[in-house]
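Counting along the sequence shown from 1, when you hit position 43 you're at 43 in the UniProt record's numbering, and nothing is skipped either side.
Glycine included, every Cβ here is placed at the ideal spot set by N, Cα and C.
From a predicted model like this one, the values you see are computed outputs, not experimental measurements.
First up is the structure itself, then whatever we jot down about it.
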Amino acid sequence: MPDFHTTYSHPPFPSSPNPTHPTQFMETKIASTVLVLLILTLDGVAAVKMCHDPSQTFRGLCGHPTNCIACCTNEGYTGGYCTTIKHKCICTKSCGGDSPPDDPPSAMPASPATTTRA
């Protein structure tokens, strides 16, 4: 009967990953593709800067935002929130940057397939 401990040998293990291994190549390719798509998606997003100011009319501790929002809208802001630690009412509004358009364009540009030649 053969002695398996002396006749069987394990294949050698690589000391470092093989950079040309097909699965590592695919993982790198997928990660690169996702990164490029993310950059292209974020490129067209216009950032709107939000201003945060303490409410001038809210009194007391702010635990629920309903009264805070009401005070802020009366002060000319578009919204408000309660801070977590100090329980203060903070009013918010857009204060710069490009704001998104209110309405979609009225006419869509003609596609190249539907244009006529003279």
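In the three-state DSSP reduction, C72 falls in the helix class (H, G or I). Around the C-beta of I30, fewer than 16 other C-beta atoms lie within 10 Å, and the residue is accordingly described as exposed.
Rounded to whole angstroms, the Cβ separation of G79 and C71 is 11 Å, and the two are not in contact under 8 Å. One Cα belongs to P65, the other to T33, and the distance between them is close to 42 Å. Judged by beta-carbon spacing, P54 lies within the 9 Å limit of K88, meaning their Cβ atoms are closer than that value. Residue environment: C91 is assigned as buried (16 or more neighbouring CB atoms within 10 Å of its CB, all protein chains considered). With respect to C95, C51 sits close: the two C-beta atoms are nearer than 9 Å. Ranked by Cα distance from G63, the options I85, E27, E75 are led by I85.
Under the three-state reduction of DSSP, T84 is assigned to coil, being neither helix nor strand. Taking the CA atoms as reference points, N74 sits about 18 Å from L61.
In the three-state reduction of the DSSP assignment, T33 falls in the helix class, which pools H, G and I.
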